[in-house]
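Here the structure comes first, spelled out in C-alpha cells, and everything after it is commentary.
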Amino acid sequence: MFTALVQKILGNNGRTALIRKNILASFLMKGWSVVIQFLLVPLTLHCLGNYENGIWLTISSMLLWIDNLDIGLGNGLRNKLAEHLAHDDKEKARDVVSSTLFMLIMVIVPVIILINILIWFTDTYSFFNIDSSIVGNLNVILATASILVCSTFIFKFIGNFYMGLQLAAVNNLFFMSGQTLALIGTAVVYFSGSHSLLLISIVNTLSPLIVYLVSYPITFFGKYSYLRPRLKGIKLSVIKELFDTGLKFFVLQIAAIALFLSSNIIISRIFSPEMVTPFQIAYRYFNVIISLFTIICVPYWTATTDAFQRNDFEWIRNANNTLNKVIAVFTAIIILMIAFSSPIYRIWVGGGVEIPFPMTVLVAVYIMIQTISMRYSYVLNGIGALRLQLIMTVCAAVAYIPLAVFFCRLINSINMLIGIMCLVNVPGLVINIVQYYKIINGKAMGIWRI
Numbered sequence: 000m001f002t003a004l005v006q007k008i009l010g011n012n013g014r015t016a017l018i019r020k021n022i023l024a025s026f027l028m029k030g031w032s033v034v035i036q037f038l039l040v041p042l043t044l045h046c047l048g049n050y051e052n053g054i055w056l057t058i059s060s061m062l063l064w065i066d067n068l069d070i071g072l073g074n075g076l077r078n079k080l081a082e083h084l085a086h087d088d089k090e091k092a093r094d095v096v097s098s099t100l101f102m103l104i105m106v107i108v109p110v111i112i113l114i115n116i117l118i119w120f121t122d123t124y125s126f127f128n129i130d131s132s133i134v135g136n137l138n139v140i141l142a143t144a145s146i147l148v149c150s151t152f153i154f155k156f157i158g159n160f161y162m163g164l165q166l167a168a169v170n171n172l173f174f175m176s177g178q179t180l181a182l183i184g185t186a187v188v189y190f191s192g193s194h195s196l197l198l199i200s201i202v203n204t205l206s207p208l209i210v211y212l213v214s215y216p217i218t219f220f221g222k223y224s225y226l227r228p229r230l231k232g233i234k235l236s237v238i239k240e241l242f243d244t245g246l247k248f249f250v251l252q253i254a255a256i257a258l259f260l261s262s263n264i265i266i267s268r269i270f271s272p273e274m275v276t277p278f279q280i281a282y283r284y285f286n287v288i289i290s291l292f293t294i295i296c297v298p299y300w301t302a303t304t305d306a307f308q309r310n311d312f313e314w315i316r317n318a319n320n321t322l323n324k325v326i327a328v329f330t331a332i333i334i335l336m337i338a339f340s341s342p343i344y345r346i347w348v349g350g351g352v353e354i355p356f357p358m359t360v361l362v363a364v365y366i367m368i369q370t371i372s373m374r375y376s377y378v379l380n381g382i383g384a385l386r387l388q389l390i391m392t393v394c395a396a397v398a399y400i401p402l403a404v405f406f407c408r409l410i411n412s413i414n415m416l417i418g419i420m421c422l423v424n425v426p427g428l429v430i431n432i433v434q435y436y437k438i439i440n441g442k443a444m445g446i447w448r449i
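For the sequence shown, numbering that gives the first Met the number 0 gives the first residue as 0, with consecutive numbering after it.
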C-alpha cells in the first residue's frame with residue numbers, strides 16, 4: 000500500500016518521477032535555507048548595525064557579479080551534459096566537464112588580478128560613499144572577500160554538474176550547507192562580541208568554498224569517477240560548443256543581475272548605505288517566493304532539455320499545465336505575505352528598521368513579475384530558446400540604470416526605483432509567454448525560433 004502511494008505521488012513517467020523526487024528533497028533543504036536567511040538578517044543587522052550592514056549588503060551584491068562571470072559556462076555545462084547523457088555519450092559528457100573546469104580557471108585568474116588592482120589603486124570609499132572613520136579597513140575587506148568568492152567561482156561548477164544529471168536537490172544541498180556554515184560563523188562572531196565587518200565578510204564568503212572543496216573528491220572520485228575532469232578531455236571543439244550556448248547564458252546573467260544588484264549601489268550613492276537595509280529586508284522577505292518556486296522550476300529546466308532532445312512534446316505540455324497551477328498558488332501566497340508584512344517585519348527585525356508599506360507592495364509586484372517570467376524562461380532555457388530572452392533582458396538592463404538614476408534624483412524616492420524595476424521587466428515577461436506558446440505549438444517563425 001505504501002509503495003503504491005509513493006508511486007502515485009512520483010508518477011509513472013521516469014522523468015517526472017525524478018523531478019518530483021528532487022522537488023521533495025529540495026523543499027526540505029530549501030525550507031531550512033529559508034529559515035537560515037530569516038535568522039541571518041536580524042543576526043547580521045544586530046552584529047553590524049544599520050550603517051555597516053548596509054555596506055555589507057552593497058558589497059555582497061557586488062560580489063555576486065563575480066559569481067556570474069562564468070561566461071555562462073555553468074549553464075552551458077548543464078545543458079550539454081544533459082544532451083550527451085540523453086544520447087548515452089559518456090565520453091563527450093566527460094569532455095564537457097573537463098573543458099568547463101579549464102575555462103573557469105582561465106576566466107577567473109585575470110579577474111582576481113584586475114579586481115585587486117582596482118581595490119588598491121582606486122578610491123573605494125568614494126565609490127561606495129562610505130565614511131572612512133566608521134570603516135577603516137574597507138580595502139582589506141574587499142580584497143579578502145573577492146579572493147574567496149573567486150575561488151568558489153571555480154568549484155561551483157559541481158552544482159551545475161549535478162543539475163545536468165537532473166539532480167537539482169544535490170545542488171540545493173551544497174547551497175544549504177554553505178548557508179548553515181555561514182549562520183554558525185555569524186553567530187560565533189556575534190556572541191564573541193567582536194562585531195567585525197571583516198569577520199562577517201570572511202564567514203559569508205569562505206563557507207560555500209569549504210562545501211565545494213569537500214564535495215569535489217566525493218563527486219569525482221566516487222560514483223561519478225567516469226566523468227572526472229582530465230587534461231586530455233580539454234578540447235577546443237568542446238570549448239567552442241560551450242561558448243556558443245554559454246555566451247548567451249552569460250549575457251542573460253549579467254543583464255539580469257544589473258537589473259537588481261545595481262539597485263543597492265544606486266541607493267547607496269544617491270541616498271545612503273543605511274537606506275539599503277529596509278529595501279533589502281523587504282526584498283529578502285519576498286525572495287522566499289523565488290527560493291521556493293526555484294525548487295519547483297529548476298528541475299524542469301534539465302528535464303525539458305531531455306524531453307526536447309527526445310521530441311517528447313506531450314510531456315512538455317503537461318509540465319506547462321502543472322506550472323500554471325503552481326503560479327496560481329504562489330500568487331495567493333504573495334497576497335497573504337503583503338497583508339501580514341508589518342507584524343512579520345516587527346517580529347523578524349524588531350522596530351529598529353522601518354519598511355514603508357508602499358515599498359513592500361512594490362517589491363512584491365517585482366517578485367511576482369520575476370516569478371512568472373522565470374516560470375517560462377526556465378523551460379525556454381531547457382529548449383535552448385535564448386535569443387529573444389537575450390534581446391529583451393539586455394534592453395531592460397540598458398534602460399533600467401539611467402532611468403533609475405534619473406528619476407531617483409528627480410523625485411528622491413526609493414519607491415520610484417522599485418517601480419522602474421517592475422516596469423522594465425514587463426516586456427520580457429510578455430515575450431517569454433508568447434515565444435513559449437509559439438514554439439510548443441509549432442508556430443515559431445523568424446526571430447521566435449530557437
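Ideal Cβ positions, reconstructed from N, Cα and C, are used throughout, including at glycine.
DSSP-derived helix/strand/coil call for residue i
i      : result
Asn136 : coil
Leu402 : helix
Gly30  : helix
Ser271 : coil
Tyr223 : coil
Asn445 : The sequence shown places Gly at residue 445, rather than the Asn named in the question. Here Gly445 sits in helix by DSSP.
Ile233 : coil
Pro228 : coil
Gly381 : helix
Phe1   : Note on Phe1: pLDDT 31, under 50, position unreliable in the model; the coordinate value appears next. Helix, per DSSP.
Leu389 : helix
Residue i to residue j span [Cα, whole Å]
i      : j      : result
Gly418 : Val360 : 10 Å
Lys7   : Arg19  : In this prediction, Lys7 scores a pLDDT of 39, lower than 50, which makes its location untrustworthy; the coordinate-derived value is nonetheless stated afterwards. For Lys7 and Arg19, the distance between alpha carbons rounds to 11 Å.
Val352 : Phe292 : 28 Å
Val378 : Ser236 : 27 Å
Leu172 : Leu409 : 45 Å
Ile332 : Leu428 : 20 Å
Ile269 : Asn115 : 26 Å
Val250 : Phe156 : 18 Å
Arg448 : Ala384 : 7 Å
Ser262 : Val423 : 13 Å
Lys239 : Met358 : 45 Å
Trp55  : Lys222 : 39 Å
Asn310 : Arg345 : 52 Å
Leu164 : Ile368 : 29 Å
Thr99  : Ile354 : 43 Å
Ile438 : Met391 : 17 Å
Ile65  : Ala254 : 13 Å
Leu208 : Ser150 : 7 Å
Ile153 : Ala338 : 42 Å
Tyr436 : Pro216 : 43 Å
Ala398 : Ile129 : 27 Å
Asp287 : Ser340 : Asp is not the amino acid found at residue 287; the sequence shown has Val there. The alpha-carbon atoms of Val287 and Ser340 are separated by roughly 13 Å.
Ser206 : Gly73  : 20 Å
Ile400 : Cys421 : 13 Å
Continuous alpha helix (DSSP H) stretch holding residue i: start and end
i      : result
Ile118 : 89-120
Tyr435 : 413-439
Asp130 : Taken as a continuous stretch (DSSP letters only), Asp130 belongs to no alpha helix (DSSP H), as it is neither H nor E.
Ile286 : First, the amino acid is wrong: residue 286 is Asn here, not Ile. 275-308 is the extent of the alpha helix (DSSP H) around Asn286.
Glu353 : Glu353 -> no alpha helix (DSSP H), and no H or E assigned at all.
Trp314 : 312-338
His83  : 72-85
Ile452 : This structure gives no information on residue 452, because the portion of the chain shown stretches from 0 to 449.
Gly184 : 167-191
Phe219 : 196-219
For residue i, the nearest candidate out of the options (CA to CA)
i      : options                        : result
Ile140 : Ile118, Gly158, Pro298         : Ile118
Met28  : Lys79, Met102, Asn170          : Asn170
Pro109 : Ile146, Glu273, Lys239         : Ile146
Ala168 : Ser32, Phe220, Leu137          : Ser32
Val34  : Trp347, Leu113, Cys296, Lys222 : Trp347
Ile343 : Phe405, Ile280, Val106         : Ile280
Met373 : Pro355, Leu322, Met420         : Leu322
Met336 : Ile446, Val187, Gly350, Ile366 : Ile366
Gly158 : Met102, Met415, Val96, His45   : Val96
Ala306 : His83, Trp55, Leu76, Asn52     : His83
Leu241 : Cys394, Arg77, Ala363          : Arg77
Thr57  : Arg283, Thr301, Phe127, Val328 : Phe127
Ala318 : Met105, Thr303, Pro216         : Thr303
Asn414 : Ala443, Thr370, Val364, Gly441 : Val364
Tyr211 : Phe356, Ser132, Phe174, Leu44  : Phe174
Neighbour flag for residue i against chain D, beta carbons, 9 Å
i     : result
Gly48 : This model lacks chain D altogether; it includes just one protein chain.
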